[in-house]
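**Student:**
Number of protein chains: 2
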Amino acid sequence: MSGIEIAVSTVIFALRHDTSTDRTSLWMPLVRRVREPYEGSWALPGGPVREDEDLSDTARRTLSETTALSPTYLEQLYTFGHVARAPQPVPGPRVISVVYWALVRPEEAERSIEDENVAWRAADDPPALAFDHSTIVEYALWRLRTKMEYSRIAQAFLGETFTLAQLRQVYEVVLQRTLDPANFRRQVEASGAVEPTGDYLVGGRHRPPKLYRHREASDLADNGPLTRL
Amino acid sequence: MSGIEIAVSTVIFALRHDTSTDRTSLWMPLVRRVREPYEGSWALPGGPVREDEDLSDTARRTLSETTALSPTYLEQLYTFGHVARAPQPVPGPRVISVVYWALVRPEEAERSIEDENVAWRAADDPPALAFDHSTIVEYALWRLRTKMEYSRIAQAFLGETFTLAQLRQVYEVVLQRTLDPANFRRQVEASGAVEPTGDYLVGGRHRPPKLYRHREASDLADNGPLTRL
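Printed below as a string of C-alpha cells:
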C-alpha cells in the first residue's frame, strides 16, 4: 500500500451578470477550508475518493455537499500529481488530485448555496487559493478558451434555447474580446452547431431575435468511447 | 490512508512500414504480464507511482524499464478510475491509473526492445488486453483521430524535416482514409503549421520533393500554463 492519497477537485464555471456594473463575466464557486492545512483559505470544492466510488461520483458528491450544485456538464480535466503540489510543504501523505470541471447554466448557478464558507468569485481574478489550486484554475481557463475555438462547449453555459447574441456573449466573456455580430452569425451558421427552433425570443421588441438550440443530440462533453461505457 | 493504489500506464503509438505488405500502419508496444492478476496477458507498459515521483516521471521510468523507449512527445491522456475496471474481479486493492500517451518517431521506435515479453502490435487490431486496457487503447485512438483534426499532433510521428507526402501519410494511416494530395497541400499551407526548409529530399528522383519542418518552436504537446511549470 503506497502512502499516496487520491482526491477529486472540481472547477465550476458559470456566467454571471452583475446588475450594478451591467457587466457579464465568468465566475466560479470556492469553498473555505475548515481544517489544516490551509485552514481559512479558499479552495476548489472536492474531497478524498471513497473506496466504493467512481471518480465522477466523488466529483458529484462533493459538489452537492458543498455547493448544492449538480451540473449537467461534468468532465474530467487533468490529474495533478506533482510531488510538491503546494507553495508551502504540507504535512501528511502526498495527495494526487483528479480534477473535473463543470460548466453550469445560469439557472443551475442560481440554485447554488452561498454562505460564509461558499462564495462565487471572478474566475479571472480569484483570491490566492490553497495548495496548487490557483494553477488548476489557470489551466482550466486556458483549456476552456482553447476548447471554445474548436468545439461546441460554449453551449454548455446556455439553456435549451438561446439567441445568437446570447451565444456570442459567452464567447466574448470567455475570450475577453468583442466579436463582430455579422461574422459570428456567419461562422456559427456555417458550423452547423446550432439550429433554429422556429420560435422567437418573447419580449416587447420590434424585431424579436430567433431562438436556436443545440444541433446534436449527443452529450456536449464528448468522450467518444468513454461516453458509451 | 485509503485502500486505493495509484499507477501510471502509457499508450505508445508509432507508424511502422511492413515491407512484406508494403503497408504502413499504427503500431504500439505491449508488455506481457509476469505476475497475477492476468499473468501471461498483454498489457500497456506501466507500474505503481513511487512516493517521491511525479506522474510523468513514473511514465518515463516504466517505459524505459520495459521498452527502452524515451519518447519526446509524452502527454497525460486521462485517468481511469472506475471501481470495477476489469472484466473479471481482481483481487487486492483498487487501482486508479493515470494514463499517458506517447507518440514516437520511426527512429525512436526502432530503438525499442522487442523480446518474448515486449511485442509491437497493430493498434487497430490489438489482442485482448489485461484489466480495462482494451478500453484505454480504444479511447487513445479516438483522441488521436479527433485531435489530428484541429492540432499539429500528426507532426509528432515525423522527424525534424519531412515531405508533405510523409505528413499526408500520417493522416491517412491514422484516419484510415485516402486524402487528395492537392487538397491536403492547400490545407496544410493555409494552416501555417509547417514551413519549407529550403532543402529537398535527397534521392534519385527527377523532381525531388520539398522538405518542411514544424513551424512553431513550442512543444507539440501544448499544455498552456502547465508547460511553463
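Protein chains in written order, with our numbering: chain W, 1 to 229; chain H, 1001 to 1229.
The beta carbon of each residue, even a glycine, is placed where N, CA and C say it ideally should be.
Remember, predicted model here, so these are calculated numbers, not experimental data.
What do you get for glutamate 116 (chain W), buried or exposed, if any count of 16 or more other CB atoms within 10 angstroms of its CB means buried?
**Tutor:** Glutamate 116 (chain W) comes out exposed.
**Student:** Would you mind telling me which residues of chain A sit closer than 7 angstroms to arginine 1094 (chain H), beta carbon to beta carbon, in chain order?
**Tutor:** Within the model displayed, chain A is absent; protein chains W and H are what it includes.
**Student:** In its own chain, which residues sit with a C-beta less than 8 angstroms from the C-beta of methionine 1001 (chain H), not counting the 5 before and 5 after it?
**Tutor:** Residue confidence for methionine 1001 (chain H) is low, a pLDDT of 44 falling below 50, so the modelled location carries little weight; the figure read from the coordinates is stated next. No residues qualify anywhere along the chain.
**Student:** Enumerate, from N- to C-terminal direction, the unbroken beta strand (DSSP E) stretches of 3 or more residues contained entirely within the region 1056-1143 of chain H.
**Tutor:** Counting whole runs of 3 or more residues, the region 1056-1143 of chain H contains the beta strand (DSSP E) stretches 1073-1080, 1094-1103, 1118-1122.
**Student:** Would you please verify whether the beta carbon of tryptophan 1142 (chain H) is less than 8 angstroms from any beta carbon of chain W?
**Tutor:** By this cut-off, tryptophan 1142 (chain H) is an interface position.
**Student:** Ordered along the chain, which non-local residues of its own chain (more than five positions away) have a Cβ less than 6 angstroms from that of valine 98 (chain W)?
**Tutor:** Hits under 6 angstroms: Val8, Leu55, Thr79.
**Student:** Identify each residue in the region 1052-1083 of chain H for which the Cβ-Cβ distance to at least one residue of chain W is less than 8 angstroms, and report them in chain order.
**Tutor:** From the region 1052-1083 of chain H, only Asp1052, Glu1053, Asp1054, Leu1055, Gln1076, Tyr1078, Thr1079, Gly1081, His1082, Val1083 have a Cβ closer than 8 angstroms to chain W.
**Student:** Less than 8 angstroms between CB atoms is the rule here; does glycine 198 (chain W) satisfy it with respect to chain H?
**Tutor:** No, its Cβ sits nowhere closer than 8 angstroms to a Cβ of chain H.
**Student:** On the CB-based measure, 16 or more other CB atoms within 10 Å of its CB, does isoleucine 1113 (chain H) come out buried or exposed?
**Tutor:** Answer is exposed; the Cβ neighbour count stays below 16.
**Student:** For glutamate 1138 (chain H) and chain W, any beta-carbon pair shorter than 8 angstroms?
**Tutor:** With 8 angstroms as the cut-off, glutamate 1138 (chain H) counts as an interface residue toward chain W.
**Student:** Could one say the Cβ of serine 218 (chain W) lies closer than 8 angstroms to chain H's Cβ atoms, at least one of them?
**Tutor:** Caution applies to serine 218 (chain W), whose pLDDT of 48 falls short of 50 and renders its modelled position unreliable; the value that the coordinates give is listed next. Closer than 8 angstroms: no.
**Student:** For threonine 1146 (chain H), which three-state DSSP category applies?
**Tutor:** In the structure shown, threonine 1146 (chain H) sits in a helix (DSSP, three-state: H, G or I).
**Student:** With DSSP collapsed to three states, give me the class of serine 9 (chain W).
**Tutor:** In the structure shown, serine 9 (chain W) sits in a strand (DSSP, three-state: E or B).
**Student:** Starting from serine 1025 (chain H), follow the beta strand (DSSP E) in both directions and report where the run begins and ends.
**Tutor:** From DSSP, the beta strand (DSSP E) with serine 1025 (chain H) extends over 1023-1032.
**Student:** Which of the residues in the region 1094-1112 of chain H, read from start to end, lie with their CB under 7 angstroms from any CB of chain W?
**Tutor:** For the region 1094-1112 of chain H, which is checked against every Cβ of chain W, the residues closer than 7 angstroms are Arg1094, Ile1096, Val1098.
**Student:** Would isoleucine 153 (chain W) count as contacting chain H if we go by Cβ distances under 8 angstroms?
**Tutor:** Not one chain H Cβ lies under 8 angstroms of isoleucine 153 (chain W).
**Student:** Tell me the DSSP bridge mates of phenylalanine 184 (chain W)?
**Tutor:** None, per the DSSP bridge assignment.
**Student:** Output the boundary residues of the alpha helix (DSSP H) element that contains glutamate 253 (chain W).
**Tutor:** In this structure chain W extends from 1 to 229, so residue 253 (chain W) is not present and cannot be described.
**Student:** Using beta-carbon positions only, say whether leucine 26 (chain W) and valine 118 (chain W) come within less than 8 angstroms of one another.
**Tutor:** No; because the gap between Cβ atoms is not below 8 angstroms, this pair is not in contact.
**Student:** Taking only three categories from DSSP, how would you classify glycine 1224 (chain H)?
**Tutor:** In the structure shown, glycine 1224 (chain H) sits in a helix (DSSP, three-state: H, G or I).
**Student:** Give me the residue from H:Gln1076, H:Leu1077, H:Arg1060 with the minimum Cα distance to leucine 1069 (chain H).
**Tutor:** Comparing Cα positions, the closest option is H:Arg1060.
**Student:** Check whether chain H comes within 8 angstroms of threonine 230 (chain W), counting only Cβ atoms and requiring the distance to be less than that.
**Tutor:** Given a span of 1 to 229 for chain W in the structure shown, any question on residue 230 (chain W) remains unanswerable.
**Student:** Determine, for proline 127 (chain W), whether the minimum Cβ-Cβ distance to residues of chain H falls below 8 angstroms.
**Tutor:** For proline 127 (chain W), the answer is no, since every Cβ of chain H falls outside 8 angstroms of its Cβ.
**Student:** On a Cα-Cα basis, can you pick out the residue from H:Thr1163, H:Ala1122, H:Tyr1150 that is closest to arginine 1023 (chain H)?
**Tutor:** Minimum Cα distance to arginine 1023 (chain H) is reached at H:Ala1122.
**Student:** If we count the other Cβ atoms within 10 Å of its Cβ and call it buried at 16 or more, is arginine 1050 (chain H) buried or exposed?
**Tutor:** Looking at its Cβ environment, which holds fewer than 16 other Cβ atoms inside 10 Å, arginine 1050 (chain H) is exposed.
**Student:** Per DSSP, glutamate 1195 (chain H) is paired with what?
**Tutor:** Bridge partners of glutamate 1195 (chain H): H:Arg1213.
**Student:** Closer than 8 angstroms, CB to CB, is proline 225 (chain W) near chain H or not?
**Tutor:** Output row for proline 225 (chain W): interface = yes.
**Student:** Buried or exposed: where does arginine 186 (chain W) fall if 16 or more other Cβ atoms within 10 Å of its Cβ makes it buried?
**Tutor:** Per the 10 Å Cβ criterion, exposed.
**Student:** Where do the ends of the beta strand (DSSP E) carrying proline 48 (chain W) lie?
**Tutor:** Looking at the DSSP string, the run of the beta strand (DSSP E) that includes proline 48 (chain W) is 46-48.
**Student:** Does serine 218 (chain W) come out as helix, strand or coil in the three-state DSSP assignment?
**Tutor:** Annotation note: pLDDT 48 at serine 218 (chain W) (below 50); position unreliable, no value reported.
**Student:** Would you say tyrosine 1150 (chain H) faces chain W, with C-beta separation under 8 angstroms as the test?
**Tutor:** It does: the Cβ of tyrosine 1150 (chain H) has a partner Cβ on chain W nearer than 8 angstroms.
**Student:** Does glutamine 76 (chain W) pass the burial test, meaning 16 or more other C-beta atoms within 10 Å, or should it be called exposed?
**Tutor:** Flag for glutamine 76 (chain W) reads buried.
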